[in-house]
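Here the structure is laid out as C-alpha cells; the discussion comes afterwards.
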Amino acid sequence: MGKTESALAETRRPQLGLDRRHLTLLAGTLFFALSFTAKAQDQATLVGSVTDASGAAIPGAKVTVTRPDVGFTRDLVTNSAGEYTAARIPIGDYVITAEATGFQKLLRSGITLQVGQTLRVDLQMTVGQVNQEVTVRGSAVKVETENATVSDVVSGGQIQDLTLVGRNYQMLTILTPGAAPEDSWDPTKLGHNSQAGISFNGTRDYYNNFEIEGAQNNDTSSGGPSPDTFPALDSIAEFRISTSNYGADVGMRAGANIQVITKSGTKEFHGDAYEFVRNDHMDANDWFVNRQIDPPGGHAPKRPLKWNLYGYTLGGPFYIPGHYNTDKSKTFFFWSQSWAKYREGSTIFNTNTPTLRMRQGDFSECDSASPNFNAIAASGCVVPVNPATGAAFPGDVVPIDPNAQAIMNSLVPLPNNGIDGYLKAPSTPTDWRQEQIRVDQNISDKTTVFVRFTQDTWTQNLLPALWTGSTYDTIASPWGVPAKNAVLHLTHTFKPNLMNEFILAYGNDVHFIRTKAGPGSPSGSILKPSNWSVAPIFPINKNVTVLPGVSVGGGTPFSFSEDASVDYNYNSTLPTASLKDNVVYTRGTHTLKYGVFYLNYEDHSVLNYTDAQGSFTFGAGNPRTTGNALAD
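Residue numbers for the sequence shown follow the working numbering, so the first one is 609 and each next one is one higher.
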C-alpha cells in the first residue's frame, strides 16, 4: 500500500510598518491509496466494501447513506472492487442500506460519524429476493484503521456531562495524551483573557491551530495561543484534537489542530436555557488579608467574586406549513446566545499613601518637634528643607504648585487603612457575550450548504492600568475585544465517484484599549484641569487631554508610580480570510484528491500617544531636592 502526500508550502509577504499579510497556498495535492485516507477538517467520511457470504466483491451494488434527523441522503454505487466511499458528509448518526440483484436488501444502523473521522463499515449481503430485508444494528468499530493520524474526539455527550468551572471547551483538550497546560493558563474564563497555553507533544503553545468548521479561528495579535471566538458549550456538537501525523489539508502549524463543529438544527425543535453561578457569599476571606487590617482584629473587605454564566439555545426546521419545507427535510437552523459576567478582585492593593496633611503640603507629622508628630507617618519620612537656604519650611508646610495638586487629586488615593495605609480589593469587571447562528440547506440529494456566523464581545476593566505597573487603582484600562467568525460551506456530488467541497471563511479580531480614572482616584478624573500650565515637550501632543505620569520615591515612607497615558488609545484590527476547495475522485481501488487552500491575514495595529505627556520623576538624589521626594 503506497501513499504520497504533498507538503504544505507557505509564502509570506512582509509589509512596512505594522501591517503584515501571510499567504498560505496548498495546491496540487494528489495522492493514491488502496483506500480513502484524506480527512475533511469539518466533516467525516464513510468507506467500506460490499461482499457476499464467501467474501467475493459485489460490484454495482447501490449503497445509500442516510442521516434521518436532517433528511440527508447520499446515493453511491460500488466499483469493480466492491468498494464505496461517502466523502465529505456531515457528522452524526447514520443508517446504511445496500441493494443488489439476487441479494436481500441490507440495512445497517447505529453508525456514528465524528469530526474528521474516516470510518470503515463493511457490508456482507445474503443471497435472496430483493424484497427481503436483513437489518443489522450495532455500532461500527471506532478505531481509526484508514490512516495514521493521532487524534482525540470530544463528543457532544462528553461536553455536556463533564463539569467545567468556566464553561470553556479548551479545558477538555488537556485530557488528550501529550497535552501539558502552562501554569499561567486560566481556563475558568471565556474570551481574550483565557489564553490557551497548552503544549502538545512538547511543541510550543503558540504552534496550535484553532478552527471552526474549516474557518481559521486564531488570535494573531501577538502570535499567541488563543482562539478568536469561543463557541458556547451548548452550541458545540463535538471537536477533534489532532496532535501528529495529520494530512496536509489539516496541517499549518506544528502543534495540535483543534477543530470545532457546531450544532445544526434537525427535523424536531430542541432548545435549552441555563445559568451557572459562583459568588463571594460562598467563600471565606483570605486569612492573610484579615491579618493586615489596622487596627488588628478587624475584618478586611472581601475580594469581590461574582460569576454569572447564562444563555439559551434553539434549533429546528424552518418551514411554512402547507407552503415550504412541509416534510421538514430542507432547511434547518440553530441559534445560541450566551453571556458571562465576572466581578472579581484580581489585585489586592495593600500599600502606603500620603497622609491627609501631606497631601496639603504639611509634613509636620514627620517632625518630632511638632505637636502634629505621628510616629507611624514619620517612619522613613525626611522633614523637607528649602534647597535654596537649607532651612526648614515654616511650620513644615511646603508651597504646592497647582499642577502638582491636580496630579495628587487624580492619581494618588486617599488613605483608608490607618493614617497612611491603603488597602483595597476593587472589582475587575469582565463581560463576555456571544451570538451564533447556523443555517443548513439540503438543496438536493447531491448538494448541501450551510452558513454560520459567530460573534464574540469581550470587555474588561483592568486594574492597575495595562502596561503601567501602577502602584494604585487610580487608573483603569477598559479593554475590548469584539471578534467575528463566519463560514460558507458547500458540498456537491457530481456523480457517485466525484464530489467537490468549497469553504469560504472570514474572521476579524479587534482590540481596543482606552484609559480612564480608576475607583481609587479621589477626583474621579485623569484629565488635565483647565488651569493646567505645563507645556508639552512636543507641540503635537498638546491635544492629549490626560495627565502626565508621576513617580515618587526617596525620603518618604512610601513610593509610587502612576501613568495615565502609557496605553492611551490602542487600536488593533486583525482580519482573516480563507478559501478552500477540495475535489475527491474515486476510480477502481484508487482515490485521488486535489485541494487548494488560500489564507490571508493582516495586522493593523496603532498605538497612539504612548507615554505621550511624559512622566515626572521625583527622587531624593536630585541636587535641588528638599530631601523628601513627595515635597519636591
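No residue lacks a Cβ here, since even glycine has one placed at the ideal position from N, Cα and C.
Being a predicted model, the structure only gives us computed values, none of them experimental.
### Query
How do the segment 1149-1161 and the segment 1223-1232 stand: do at least 3 beta-carbon pairs fall below 8 angstroms, yes or no?
Taking one beta carbon from each stretch, the segment 1149-1161 and the segment 1223-1232 have 3 or more pairs nearer than 8 angstroms; the two touch.
### Query
If Ala661 and Gln712 are in contact, beta carbons under 8 angstroms, what's the gap, nearest whole angstrom?
Start at 1 with the first residue of the sequence shown, and residue 661 comes out as number 53. Start at 1 with the first residue of the sequence shown, and residue 712 comes out as number 104. About 11 angstroms separates the beta carbon of Ala661 from that of Gln712, a gap too long to meet the 8 angstroms contact definition.
### Message
Check this for me: beta carbons of Tyr1080 and Gly1126, under 9 angstroms apart or not?
### Response
Numbered from its first residue, the sequence shown carries residue 1080 at position 472. Numbered from its first residue, the sequence shown carries residue 1126 at position 518. Gly1126 is positioned such that its CB atom lies closer than 9 angstroms to that of Tyr1080.
### Query
Would you call the segment 777-788 and the segment 840-852 in contact, with 3 or more CB pairs under 8 angstroms?
Three or more pairs of CB atoms, one per stretch, sit closer than 8 angstroms, so the segment 777-788 contacts the segment 840-852.
### Message
Would Arg1060 and Glu821 be called neighbours here (beta carbons separated by less than 9 angstroms)?
### Response
What you label residue 1060 is simply residue 452 of the sequence shown in a count that begins at 1. What you label residue 821 is simply residue 213 of the sequence shown in a count that begins at 1. Closer than 9 angstroms, so yes.
### Task
Check whether the Cβ atoms of Asp1211 and Asp1064 sit closer than 9 angstroms, and answer yes or no.
One-based indexing of the sequence shown puts residue 1211 at position 603. One-based indexing of the sequence shown puts residue 1064 at position 456. Against a cut-off of 9 angstroms, the Cβ pair of Asp1064 and Asp1211 comes out as no contact.
### Query
Just how far apart, CA to CA, sit Asp775 and Gly873?
Your numbering for residue 775 matches position 167 in the sequence shown. Your numbering for residue 873 matches position 265 in the sequence shown. The sequence shown places Arg at residue 775, rather than the Asp named in the question. For the pair Arg775 and Gly873, the Cα-to-Cα distance works out to about 22 angstroms.
#### Entry: Rounded separation between Asn816 and Asn826 - CA only
Within the sequence shown, residue 816 is the residue found at index 208, counting from 1. Within the sequence shown, residue 826 is the residue found at index 218, counting from 1. Using only the alpha carbons, I get a separation of about 9 angstroms.
### Task
Starting from the C-beta of Phe884, find all residues in its chain whose C-beta is less than 8 angstroms away, skip the five residues before and the five after it, and write them out in chain order.
Along the sequence shown, read from residue 1 onward, the residue named residue 884 stands at position 276. Its chain contains Arg775, Trp915, Asn916, Leu917, Tyr918 as the residues whose beta carbon lies nearer than 8 angstroms to that of Phe884, once the 5 sequence neighbours on both sides are disregarded; these appear in chain order.
### As assigned by DSSP and simplified to three states, the class of Asn853
By 1-based counting over the sequence shown, the position of residue 853 is 245. Correct three-state label for Asn853: coil.
### Message
To the nearest angstrom, how far is the alpha carbon of Thr1067 from that of Pro698?
### Response
Position 459 of the sequence shown, counting from 1, holds the residue named residue 1067. Position 90 of the sequence shown, counting from 1, holds the residue named residue 698. Answer to the nearest angstrom: the Cα atoms are 35 angstroms apart.
### Query
Can you list, in chain order, the residues of its chain whose CB lies under 6 angstroms from that of Arg965, leaving out five sequence neighbours each side?
As a working note, residue 965 is residue 357 in the sequence shown. Same-chain partners within the cutoff: Glu973.
### Message
With distance defined between alpha-carbon atoms, name the residue in Asp769, Thr1099, Ala948, Ala1094 nearest to Thr1038.
### Response
Residue 1038 sits at position 430 when you count from the first residue of the sequence shown. Out of Asp769, Thr1099, Ala948, Ala1094, Ala948 has the C-alpha closest to the C-alpha of Thr1038.
### Message
According to DSSP, Tyr1193 sits in a beta bridge with which residue or residues?
### Response
Against the sequence shown, residue 1193 aligns to sequence position 585. In the DSSP output, where bridge partners are listed per residue, Tyr1193 has Leu1106, Leu1200.
### Query
Can at least three beta-carbon pairs, one atom from the segment 975-995 and one from the segment 1088-1105, be found at a separation below 8 angstroms?
With the rule of 3 Cβ pairs closer than 8 angstroms, the segment 975-995 does not count as touching the segment 1088-1105.
### Query
Who are Asp1064's beta bridge partners in DSSP?
Translated into the one-based positions of the sequence shown, residue 1064 becomes position 456. According to DSSP, which records beta bridges pairwise, Asp1064 is partnered with Gln1042, Ala1091.
### Query
Taking Cβ to Cβ, would you say Thr1055 is nearer than 9 angstroms to Ala1094?
Counted from its first residue, the sequence shown places residue 1055 at position 447. Counted from its first residue, the sequence shown places residue 1094 at position 486. With contacts defined by Cβ atoms closer than 9 angstroms, Thr1055 and Ala1094 do not form a contacting pair.
### Query
Taking the DSSP output, what are the residues bridged to Trp943?
On the sequence shown, residue 943 is found 335 positions in, with the first residue counted as 1. DSSP lists Leu922, Ile1045 as partners of Trp943.
### Whole-number beta carbon distance between Gly764 and Ala845, since they are thought to touch under 8 angstroms
Here residue 845 is taken as the residue at index 237 of the sequence shown, counted from 1. Here residue 764 is taken as the residue at index 156 of the sequence shown, counted from 1. Contact between Ala845 and Gly764 holds: their C-beta atoms lie close to 5 angstroms from each other, under 8 angstroms.
#### Entry: Residues near Ser1141 by beta carbon distance below 8 angstroms, same chain, minus five either side
If you number the sequence shown from 1, residue 1141 lands on position 533. Hits under 8 angstroms: Pro1010, Asn1011.
### Message
Between which residues of its own chain and Tyr1193 is the CB-CB distance below 6 angstroms, once the five residues before and five after are set aside?
### Response
Within the sequence shown, numbered from 1, the residue matching residue 1193 stands at position 585. Around Tyr1193: Leu1106, Leu1200.
### Task
Flag this pair as yes or no: are the beta carbons of Thr1184 and Leu1207 separated by less than 9 angstroms?
Here residue 1184 refers to the residue found at position 576 of the sequence shown. Here residue 1207 refers to the residue found at position 599 of the sequence shown. Yes, Cβ-Cβ distance for Thr1184 and Leu1207 is below 9 angstroms.
### Task
Please classify Val773: is it buried, with 16 or more other beta-carbons within 10 angstroms of its beta-carbon, or exposed?
The count along the sequence shown starts at 1 and reaches residue 773 at position 165. Val773 is exposed by the Cβ-count criterion.
### Task
Note down, in chain order, each residue of its chain lying with its Cβ closer than 8 angstroms to the Cβ of Asp760, except the 5 sequence neighbours on either side.
Numbered from 1 along the sequence shown, position 152 holds the residue referred to as residue 760. A distance below 8 angstroms between beta-carbons, with the five flanking residues on each side excluded, links Asp760 to the following residues of its chain, in chain order: Leu783, Thr784, Pro785, Arg848, Ile849, Thr851.
#### Entry: Cα-Cα separation, Ala996 to Gly969
Numbered from 1 along the sequence shown, position 388 holds the residue referred to as residue 996. Numbered from 1 along the sequence shown, position 361 holds the residue referred to as residue 969. A straight-line Cα-Cα distance of about 18 angstroms links Ala996 and Gly969.
### Query
Where does Tyr1209 fall in DSSP's three states?
Within the sequence shown, numbered from 1, the residue matching residue 1209 stands at position 601. It is a strand residue.
### Query
Are the CB atoms of Val1020 and Thr1234 nearer to each other than 9 angstroms?
Mapped onto the sequence shown, residue 1020 falls at position 412. Mapped onto the sequence shown, residue 1234 falls at position 626. Cβ distance not < 9 angstroms, so Val1020 and Thr1234 don't count as in contact.
### Query
At what residues does the alpha helix (DSSP H) containing Arg967 begin and finish?
As a working note, residue 967 is residue 359 in the sequence shown. Annotation: the continuous alpha helix (DSSP H) that includes Arg967 extends over 964-967.
#### Entry: Assumed close pair Leu1096, Trp1087 - CB separation to whole angstroms, cut-off 8 angstroms
On the sequence shown, residue 1096 is found 488 positions in, with the first residue counted as 1. On the sequence shown, residue 1087 is found 479 positions in, with the first residue counted as 1. Actually they do not touch by this definition, with Cβ atoms about 31 angstroms apart.
#### Entry: Cβ-based neighbour list, Ala1237, same chain, cut-off 8 angstroms, excluding 5 preceding and 5 following
Here residue 1237 corresponds to residue number 629 of the sequence shown, with the count starting at 1. The answer, listed in chain order, is Val1160, Gly1161, Gly1162, Gly1163, Thr1164, Ser1167, Phe1226, Gly1227, Ala1228.
### Query
With burial defined as no fewer than 16 other Cβ atoms inside 10 Å of the residue's Cβ, what is the status of Ile1051: buried or exposed?
Taking the first residue of the sequence shown as 1, we reach residue 1051 at position 443. Counting Cβ neighbours within 10 Å, Ile1051 comes out exposed, since fewer than 16 surround it.
### Task
Report back the beta-carbon spacing between Lys875 and Ser807 to the nearest angstrom; my notes put them in contact at under 8 angstroms.
Taking the first residue of the sequence shown as 1, we reach residue 875 at position 267. Taking the first residue of the sequence shown as 1, we reach residue 807 at position 199. With a contact defined as Cβ atoms closer than 8 angstroms, Lys875 and Ser807 miss out at about 43 angstroms.
#### Entry: Which of helix, strand or coil DSSP assigns to Gly774
The residue labelled residue 774 in the question sits at position 166 within the sequence shown. Coil at Gly774, not helix or strand.
#### Entry: Three-way DSSP call (helix, strand, coil) for Phe644 in this model
Counting from one through the sequence shown, the residue named residue 644 turns up at place 36. Any answer about Phe644 is weak, because its pLDDT of 37 lies below 50 and its placement is not dependable; what the coordinates show is given next. In this structure, Phe644 counts as coil in the three-state DSSP scheme.
### Message
If I follow the unbroken beta strand (DSSP E) through Pro789, where does it start and stop?
### Response
Within the sequence shown, numbered from 1, the residue matching residue 789 stands at position 181. 787-789 is the extent of the beta strand (DSSP E) around Pro789.
### Query
Apart from the five residues just before and just after Ile1027, which ones in its own chain have a Cβ nearer than 7 angstroms to its Cβ?
Working through the sequence shown from its first residue, we reach residue 1027 at position 419. Same-chain partners within the cutoff: Thr963, Asn982, Ile984, Ala985.
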